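A.B. asks: Sharing a structure, written as C-alpha cells. Questions coming.
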Amino acid sequence: MQYRISQVLRERSAADSEYQPLNGLDPTTHAELALKDAEKVVITHGNSPRPYLLKAYTLILLERYQEARESLLAGLQVDPLSHILQTCLSDLDRNTNAAAGARCPRLDRTDDFECTLCFKLLFKPVTTPCGHTFCRSCLHQAMDHGNKCPMCRTVLFIGPKTYPISVTLSNIIQKNFPEEYAERRSEHENMTYAGIDLMPLFVMDVVLPCQKMALNIFEPRYRLMVRRIMEGNHRMGMVAIDSATGTVADCGCEVEILECEPLPDGRFYLEVEGSRRFRILRSWDEDGYRVAEIEWFQDVSLPEGSQERRDLIERANEASELARTCIRRTRETIRPVGRARRFDLESIPGPQDPEKFSFWLVNLINLRPSDKLELLRLCDTRERISLSLRLLSNAEQGCRVQ
Numbered sequence: 234m235q236y237r238i239s240q241v242l243r244e245r246s247a248a249d250s251e252y253q254p255l256n257g258l259d260p261t262t263h264a265e266l267a268l269k270d271a272e273k274v275v276i277t278h279g280n281s282p283r284p285y286l287l288k289a290y291t292l293i294l295l296e297r298y299q300e301a302r303e304s305l306l307a308g309l310q311v312d313p314l315s316h317i318l319q320t321c322l323s324d325l326d327r328n329t330n331a332a333a334g335a336r337c338p339r340l341d342r343t344d345d346f347e348c349t350l351c352f353k354l355l356f357k358p359v360t361t362p363c364g365h366t367f368c369r370s371c372l373h374q375a376m377d378h379g380n381k382c383p384m385c386r387t388v389l390f391i392g393p394k395t396y397p398i399s400v401t402l403s404n405i406i407q408k409n410f411p412e413e414y415a416e417r418r419s420e421h422e423n424m425t426y427a428g429i430d431l432m433p434l435f436v437m438d439v440v441l442p443c444q445k446m447a448l449n450i451f452e453p454r455y456r457l458m459v460r461r462i463m464e465g466n467h468r469m470g471m472v473a474i475d476s477a478t479g480t481v482a483d484c485g486c487e488v489e490i491l492e493c494e495p496l497p498d499g500r501f502y503l504e505v506e507g508s509r510r511f512r513i514l515r516s517w518d519e520d521g522y523r524v525a526e527i528e529w530f531q532d533v534s535l536p537e538g539s540q541e542r543r544d545l546i547e548r549a550n551e552a553s554e555l556a557r558t559c560i561r562r563t564r565e566t567i568r569p570v571g572r573a574r575r576f577d578l579e580s581i582p583g584p585q586d587p588e589k590f591s592f593w594l595v596n597l598i599n600l601r602p603s604d605k606l607e608l609l610r611l612c613d614t615r616e617r618i619s620l621s622l623r624l625l626s627n628a629e630q631g632c633r634v635q
C-alpha cells in the first residue's frame, strides 16, 4: 500500500495538485515505510520470490539501485526461473547503464572525454570524490535536485559552483580537441549570457524581491521538493496563478530559504526572502511539482553619470525620506506589539541601488496580487518608485503598511 501511494504521488501532475492540494507524507517517506514492510515480508516469506520483487521496487523508488539489484538477485536464488524477476533485473540494468551506454553506434577517441549528463565534450571538467567526471555546469544543475552523484548516487559534500576543475584533464582536452573545445566554450558563454537556468517552482502567491515570507509546507509534492532544495542551493522560484489567464504567471521571483525547520508530522516551516526576477520559458512536471526553464531579467539600466540616472537617484532619495517618516509613525503606533521589529530603518536599501530600493518600497504597501504581478513585470525603476510614492502619499495619514 505504501509503495502504491508513493508511486501515485510521484506520478500525480502538478496541475491536479494545484486544483486539489493534498496533505500528508511525501513520496520518499511513503517509500521508506514501504521498504520496512517489504523487509518484514522477506523475513517471514523468504521462500517466495515476490517479497524480493516488492523490496526491489521500493528501493528503486528510493533511488538505491545497487541494493535493488541485490534484492532481485536474492530472489533469483530462491526461484531462478522467475520471469518477472529476470525482466525487472534486465530493465534495472538497462536503465542504470543508460547514461554510460553508447550514445551513438560510432565510437571515436572523444568518447572517454564526454560528459555522461549532456553527452558532449567535457567543459570545465570536475571529478567528484567518488571518481566520476562531469562538466561543472552539468553537475551544478544535477545537484539542484539533490546532493548525490548522478552516476553512482554517492552523497556528495561539495559545492559544484566553486569546486575546482580537473586541470590536467582540462589541459588534455584543450590540447587534443581544440576545435571541439572552442565550440563548447562558445556554447557555454552563449547560455551564460542568455541567463537560462532551471528552477523548481512553488505555486502560491506573488513574491517581490526583498520581500520576506513564512511558509508552512504540507503538500507531499512540496515536501519532496523542499528536501531536494535543501540538499542543493536552498533556492526555488515562487509564482502565482495569473487571474487574467487562470494559469501559472509568466514570471516569478527566486527566493532563498533562510530557515528550514522540519516539524514532527513531516511538514516544513520555511522563512524565505525574494531575490531575483525571472521569466518562464517553458515548464513541465517532475515528481508532482513544476520545474521551469527560466531566464533572468532586470530593470532597464541607465548609464552612470547621465542626467536620467541622477534624476532617478534624486527621486529615490525623496521616496526614502517619505518612507522613513511613514515607518517612524507606524513604529510609534504599534510599539506595544512585537511587529514593530519588522519596520527597521536600518534595513532600507541605499538609493544608489534604485531597483532594489524600489522593490523594498513596494513591499511597504498593501497591494492586490494582480497589482504586485504587474509591478514584478515592470522594468522601469522610475515608474515603480513614482507609483509607490503616490500610494504612500495617499496613505500617509493612516500609513497603510502591511
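Our numbering numbers the first residue of the sequence shown as 234 and each following residue consecutively.
Note that the Cβ used here is the ideal one computed from N, Cα and C, for glycine as well.
For clarity, every value in this text was computed on a predicted model and none was experimentally measured.
Can you look up Arg468 in the DSSP assignment and give me helix, strand or coil?
C.D. replies: Three-state result, Arg468: strand.
A.B. asks: Taking Phe435 as the reference, which of Glu607, Arg283, Ala482, Glu537 has the closest Cα?
C.D. replies: Measuring from the Cα of Phe435, the nearest candidate turns out to be Ala482.
A.B. asks: By alpha-carbon positions, which one of Val505, Thr480, Gly392, Pro313 ends up nearest to Tyr285?
C.D. replies: If we check each option's Cα against that of Tyr285, Pro313 comes out closest.
A.B. asks: Alpha carbon to alpha carbon, how far is Val488 from Ser370? Give it in angstroms, no decimals.
C.D. replies: Going by the C-alpha atoms only, they are around 21 Å apart.
A.B. asks: Does the separation of the CB atoms of Asp604 and Arg456 fall below 8 Å?
C.D. replies: Result no, Cβ atoms of Asp604 and Arg456 do not sit closer than 8 Å.
A.B. asks: Exposed or buried, which one is Gln235 when buried takes at least 16 other CB atoms within 10 Å?
C.D. replies: So Gln235 ends up on the buried side.
A.B. asks: Using the Cα positions of Phe410 and Gly583, report the straight-line distance between them to the nearest angstrom.
C.D. replies: About 49 Å.
A.B. asks: Hey, Leu491 and Ile450: beta-carbon distance below 8 Å or not?
C.D. replies: The answer is no: Cβ separation not under 8 Å.
A.B. asks: Within the same chain, show all residues whose beta-carbon is closer than 7 Å to that of Gln253, passing over the 5 residues directly before and after it, in chain order.
C.D. replies: Contacts found: none.
A.B. asks: Quick one: residues in its chain with C-beta nearer than 7 Å to the C-beta of Ala549, no 5 flanking neighbours on either side, listed in chain order?
C.D. replies: The residues are Pro584, Pro587, Phe590, Ile618.
A.B. asks: Looking at the secondary structure, which residues open and close the beta strand (DSSP E) in which Tyr502 lies?
C.D. replies: Residues 501-519.
A.B. asks: Under the rule that 16 or more other beta-carbon atoms within 10 Å means buried, what is Gln531, buried or exposed?
C.D. replies: Label assigned to Gln531: exposed.
A.B. asks: What's the gap between the Cα of Arg615 and the Cα of Pro383?
C.D. replies: Near 46 Å, if we compare the C-alpha coordinates of Pro383 and Arg615.
A.B. asks: Counting beta carbon pairs with one atom in the stretch 344-358 and one in the stretch 321-331, are three or more of them shorter than 8 Å?
C.D. replies: Short answer: they don't touch.
A.B. asks: Under the DSSP definition of a beta bridge, which residues are partnered with Cys559?
C.D. replies: BP columns for Cys559 are empty, so no partner.
A.B. asks: Return the CA-CA distance between Arg562 and Arg460, expressed in angstroms with no decimal places.
C.D. replies: Each residue's alpha carbon lies about 42 Å from the other.
A.B. asks: Would a C-beta distance cut-off of 8 Å place Leu292 and Ser304 closer than the cut-off?
C.D. replies: Yes, the Cβ-Cβ distance between Leu292 and Ser304 is below 8 Å.
A.B. asks: CA-CA distance, Thr261 and Leu620?
C.D. replies: Distance between the alpha carbons of Thr261 and Leu620 is about 46 Å.
A.B. asks: Quick one: what's got a C-beta closer than 8 Å to Arg339's C-beta in the same chain, skipping five residues either side?
C.D. replies: At Arg339 the pLDDT is 41, less than 50, meaning the model places this residue with poor confidence and gives no usable figure here.
A.B. asks: Could you give the C-beta distance for Leu611 and Leu441, rounded to a whole number, given that I count them as a contact under 8 Å?
C.D. replies: At roughly 11 Å, the Cβ-Cβ gap does not stay under 8 Å, so Leu611 and Leu441 are not in contact.
A.B. asks: For Ile398 and Leu350, what's the separation of their Cα atoms in angstroms?
C.D. replies: One C-alpha to the other measures close to 17 Å.
A.B. asks: Can you give the Cα-Cα distance for Met524 and Ser239, rounded to whole angstroms?
C.D. replies: Sequence inspection shows Val at residue 524; the Met mentioned does not correspond to that position. Straight-line Cα distance between these residues: approximately 20 Å.
A.B. asks: Would you call the CB atoms of Met437 and Tyr522 closer than 8 Å?
C.D. replies: No; because the gap between Cβ atoms is not below 8 Å, this pair is not in contact.
A.B. asks: Tell whether a beta-carbon distance below 8 Å holds between Leu200 and Ala307.
C.D. replies: The chain is shown from 234 up to 635; residue 200 falls before or after that span and cannot be answered.
A.B. asks: Run through the DSSP bridge pairs and tell me what Cys321 is partnered with.
C.D. replies: DSSP, once it has assigned bridges, lists no residue as partnering Cys321.
A.B. asks: For Arg418, does the count of other Cβ atoms within 10 angstroms reach 16, so buried, or fall short, so exposed?
C.D. replies: Counting Cβ neighbours within 10 Å, Arg418 comes out exposed, since fewer than 16 surround it.
A.B. asks: Quick one, which of Asp613, Leu625, Ile581 has its alpha-carbon nearest Asn689's?
C.D. replies: Outside the displayed span of the chain (234 to 635) sits residue 689, for which this structure offers no information.
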